[in-house]
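A.B. asks:
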Amino acid sequence: MIKTNTKKICIVVSSLGVGGAERSSALLSEMLFDLDFDVHIVSVLDKIDYPYKGKLLNLGKLKAEDDSKMGRFKRLKIFKNYLKAHKFDYVIDNRTRIGLFKELIVSKWIYNAKNTIYCVRSYNTDMYIYPSKFFAKLLYGSAYKIVSVSKAIAEKLNNEFGFKNLEVIHNQVAIDAEELLVKKTIKDNYILFFGRLNDDIKNISLLLEAYSKSKLPHNSVKLKILGNGKDKMMLKQKSDTLGLSNHVEFLEFLVNPYPFVEAAFFTVLTSRFEGFPRALVESLSVGTPVISVDCKSGPNEIIVNEKNGLLVENHNIEALTNAMNRMLEDKNLYLQCKSNAQKSIEKFSKSTIGQQWKTILK
1 MIKTNTKKIC IVVSSLGVGG AERSSALLSE MLFDLDFDVH IVSVLDKIDY PYKGKLLNLG
61 KLKAEDDSKM GRFKRLKIFK NYLKAHKFDY VIDNRTRIGL FKELIVSKWI YNAKNTIYCV
121 RSYNTDMYIY PSKFFAKLLY GSAYKIVSVS KAIAEKLNNE FGFKNLEVIH NQVAIDAEEL
181 LVKKTIKDNY ILFFGRLNDD IKNISLLLEA YSKSKLPHNS VKLKILGNGK DKMMLKQKSD
241 TLGLSNHVEF LEFLVNPYPF VEAAFFTVLT SRFEGFPRAL VESLSVGTPV ISVDCKSGPN
301 EIIVNEKNGL LVENHNIEAL TNAMNRMLED KNLYLQCKSN AQKSIEKFSK STIGQQWKTI
361 LK
């Protein structure tokens with residue numbers, strides 16, 4: 001397909017698999033491609049689950065063949081030569097950025113600061129911005145833009161580092177109609193968590209404890225936990241310890257979880273921290289209400305309490321339990337949240353978010 005827009009964009013990702021940040025990167029490639037940009041993607045790891053658009057340079061395949069020091073140097077040189085050969089107008093770096101020496105090489109040797117955009121996708125900003133103010137300014141202060149996915153992240157970066165090149169662009173919500181056509185035979189009445197099973201971040205233990213104390217198990221409302229991760233076995237054991245083995249079902253990660261999301265009574269987010277949680281906007285986009293803890297950051301930029309869901313104090317089992325019970329027992333509240341769900345996230349639509357990206361990719 002010949003592009004009428006001559007601007008060339010390179011999106012650099014850790015991978016295109018499993019997580020919400022990775023899903024957002026894949027969607028960004030599709031959105032910019034559909035806006036007629038010439039899109040290329042460079043993936044550090046050979047993990048490509050989500051659909052994307054554009055040309056892919058999979059450095060992960062080279063990493064699998066040779067991950068020695070010489071192999072790493074060769075990959076960096078291939079990366080540098082790729083950027084040089086294609087003369088990209090902008091490089092959008094979506095990677096988690098860990099390691100000072102490595103990032104000095106990338107930012108000072110491989111990238112050209114004046115056309116580099118660094119994305120920060122978590123309130124745990126140490127994953128993206130080196131915590132030393134001196135080195136953070138050295139690495140990212142002269143970049144064209146630092147794009148954060150929530151207002152809270154931008155405020156934190158401004159307060160801690162005083163960056164002058166900050167922009168806020170939320171994650172877009174874009175579920176293809178075809179993804180919802182893959183209907184599942186789902187007869188259960190259930191609530192749903194979907195995401196990576198990393199309890200240090202997602203705090204699914206809190207969800208299990210609150211669910212066990214709620215009225216849902218006694219009213220035949222199951223809990224489905226959809227996803228994979230390092231803590232899956234631990235969470236299964238915790239579920240058994242709480243006496244929930246007949247009420248909690250663990251499902252494997254799905255690239256397309258949306259039929260399960262659409263059929264859920266409501267979805268739940270209990271994270272210790274986030275960036276801009278896709279699970280909430282994706283749930284609302286298919287008309288399913290949400291309950292979320294008010295963690296940093298994102299939920300309070302998505303949920304209007306008692307309008308499209310319930311927002312509760314974080315790390316508070318009783319508050320989360322009460323919210324679950326309210327959704328079960330207060331039919332008017334539930335129906336109001338359900339009827340407002342889709343309309344409430346129109347500001348995160350592909351067209352709106354796409355226009356914001358077009359503005360900075362002049």
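The sequence shown: position 123 = 123 (UniProt numbering), numbered continuously.
Think of the CB as a built atom: it goes at the ideal place given N, C-alpha and C, for glycine as much as any other residue.
Fair warning: this is a prediction, and the values are worked out from it, not measured in the lab.
(1) Is L226 closer than 8 angstroms to P259 when the C-beta atoms are compared?
(2) Name the DSSP beta bridge partners of T116, please?
(3) Exposed or buried, what is H170 when buried is set at 16 or more other beta-carbons lying within 10 Å of its beta-carbon?
(4) With DSSP run on the structure shown, which of helix, strand or coil describes S214?
(5) Where are the beta strand (DSSP E) runs, 3 residues long or more, that stay fully inside the stretch 205 to 267, in chain order?
(6) By the 10 Å Cβ neighbour count, where 16 or more other Cβ atoms means buried, how is P131 classified, buried or exposed?
(7) Using a 10 Å radius around the Cβ and a threshold of 16 neighbouring Cβ atoms, would you call W357 buried or exposed?
(8) Considering Cα atoms alone, identify which of T116, L207 and R23 is closest to K8.
(9) What separation, rounded to the nearest whole angstrom, lies between the Cα atoms of V293 and N219?
(10) Could you name the residues of the same chain whose beta carbon sits closer than 6 angstroms to that of A21, not counting the 5 residues immediately before and after it, in chain order?
(11) What does L56 pair with, by DSSP beta-bridge criteria?
(12) On the three-state DSSP scale, how would you describe C295?
(13) In or out: F134 buried (at least 16 other Cβ within 10 Å) or exposed?
(14) Is the separation between the beta-carbon of V12 and that of N94 shorter than 8 angstroms?
(15) So which of L284, N58 and L139 has the shortest CA-CA distance to F79?
(16) Can you tell me whether N305 is helix, strand or coil according to DSSP?
(17) Between T6, D38, Y128 and K47, which lies nearest to V255 when the distance is taken from Cα to Cα?
(18) Is A174 closer than 8 angstroms to K350 when the C-beta atoms are compared?
(19) Assuming T125 contacts I204 under a Cβ cut-off of 8 angstroms, what Cβ separation, rounded to an integer in Å, is found between them?
(20) Give the C-beta separation of L335 and N308 to the nearest angstrom, bearing in mind that I take them to be a contact with Cβ-Cβ under 8 angstroms.
(21) If you run the structure through DSSP and keep just helix, strand and coil, what is I360?
(22) What residues are listed by DSSP as bridge partners for C10?
(23) Using a threshold of 8 angstroms, state whether the C-beta atoms of K151 and N165 are closer than that.
(24) What do you get for Q172, buried or exposed, if any count of 16 or more other CB atoms within 10 angstroms of its CB means buried?
(25) Count the other C-beta atoms from every protein chain shown that fall within 10 angstroms of the C-beta of K77, then say buried if there are 16 or more, exposed otherwise.
(26) Assign I153 to one of two classes, buried (16 or more other C-beta atoms within 10 Å of its C-beta) or exposed (fewer than that).
(27) Here's the rule I'm using: 16 or more other beta-carbon atoms within 10 Å means buried, otherwise exposed. How should N314 be labelled?
(28) What three-state label does DSSP hand E22 in the structure shown?
(29) Is the beta carbon of V261 less than 8 angstroms from the beta carbon of L223?
C.D. replies: Judging by the given coordinates:
(1) no
(2) V91
(3) buried
(4) coil
(5) 222 to 226 and 248 to 251
(6) exposed
(7) buried
(8) T116
(9) 23 angstroms
(10) R121
(11) I41
(12) coil
(13) exposed
(14) yes
(15) N58
(16) strand
(17) K47
(18) yes
(19) Not a contact, Cβ separation roughly 23 angstroms.
(20) With a Cβ gap of about 12 angstroms, L335 and N308 do not count as contacting.
(21) helix
(22) H40 and V91
(23) no
(24) buried
(25) exposed
(26) buried
(27) buried
(28) helix
(29) no
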